[in-house]
Amino acid sequence: MNNSSFKICSICENENMMKPKMGIHPCHGCQLSFCLIHLTKHREELLKKLDSVIIQRDELFELIFKNVNFTNENIEKFLQNINEWETKMHESVHQVAEQNRDNVRVEFTRQLNEIKVRYDEFTKELAEIRENDTFFENDIEQLLVKLEQFKQEIHQINILLQLNQIDNIDWSRLNHLKQQEKSVISYLNNSQLLFERQIISLHDRNCFFLAASHTHILAYILSINRNENRLILYNTLDGTELCSTELDVRFGNVCDIIYAETLNYCFLVVCRQVILIYNPQQMIFTIISEIKPIDEHPFLHKILDIIYHHC
Ligand SMILES: [Zn+2]
Ligand SMILES: [Zn+2]
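Each residue of the sequence shown is one higher than the one before, counting from 1 in this note's numbering.
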């Protein structure tokens, strides 16, 4: 074979050897050609580079298995967080369920009371007519119409119960490890108060709560049939109605009304989901948005602070 068909060995050429040899051994990796001695040297260099990668792989192993994130304690910590979250969610769900059971009792009782009041009125009317003996055919006809209407209304009673929040939890959104904002809130748990409350008939309206000052009476009027859910302000002296304020249904039912001169001559209206300050002079209310959810805070001291800011 003719020497001129080979190039000079790459290393011999680079190192300016006095007698460079022909590169008769090609490297299939870098496409250079070497003499036998320098081919061996080239392979040794490649081997060194591979060993260096293997050493770095060993460091990687340590990095993985000694990393604090993969320690048992750390995994336990994560599991513990999930356990705590689970317990908290159980408690919240239990609380909301409890609240809704109360709502059912309150709503059924309220509607039953309302019907009973009207039933008693009807009975009284019938008894009076019969006793006075002053009825004619058309009176009986009207009474029958009234009776029929009453029956219809009873058939149509449809208790719409809004399950607080339970149906609205987006469980899929909770299924990741980031700290979530609290998705179930608890409500003022005093619906028992409303449940046991006798309805007061005030100007022929169903009044659940009222409070009075020397000049004003503030009453909470609730009637689903008449679509009323409002605060009405009366003049204490002559009983005239001064102002009627529709309440947002999202406030929930009113649970209590308190008046005190020490509250800057305002009424404190406790709803299931908000607390309102009702100013009888200006006939407007302000929501104390700082207190929510109510029963999670020891709020009595805080209320007084806030009232002085609002009034
Ligand atoms: Zn090579
Ligand atoms: Zn060489």
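C-beta: ideal position from N, C-alpha, C; glycine also.
Nothing here was measured: the structure is a model prediction, and the numbers come from that model.
I217 carries a strand assignment under DSSP once its states are collapsed to helix, strand and coil.
Listed in chain order, the beta strand (DSSP E) runs fully inside the region 249-298 are 254-260, 266-271, 275-279 and 284-287, counting runs of at least 3 residues.
Ranked by Cα distance from R226, the options I275, T109, E62 and E114 are led by E114.
Judged by DSSP in its simplified three-state form, R230 adopts strand.
Contact between Y234 and I257 is ruled out by a C-beta separation of about 13 Å, above the 8 Å threshold.
Per DSSP, the unbroken beta strand (DSSP E) holding S244 starts and ends at E241 to E246. In the DSSP assignment, L79 falls outside any beta strand (DSSP E) and within the unbroken alpha helix (DSSP H) covering N72 to N132. In the DSSP annotation of this structure, N69 is not part of any beta strand (DSSP E), being labelled neither H nor E. In this structure, the straight-line span from the alpha carbon of F136 to that of E121 is close to 20 Å. Its chain contains V68 as the residues whose beta carbon lies nearer than 7 Å to that of N74, once the 5 sequence neighbours on both sides are disregarded; these appear in chain order. For F61, the enclosing alpha helix (DSSP H) begins and ends at L36 to F65. Looking only at G239, I284 and V53, the smallest Cα-Cα distance to A212 is reached by G239. Nearest to P20 by C-alpha distance, out of L147, L36, G29 and H28, is L36.
In the DSSP assignment, S10 is bridged to no other residue. A straight line joining the alpha-carbon of K49 with that of Q56 spans about 11 Å.
Under the DSSP assignment, L210 falls outside any alpha helix (DSSP H), being part of the beta strand (DSSP E) whose first and last residues are R205 to A212. Secondary structure at H155: helix, using DSSP grouped into helix, strand and coil.
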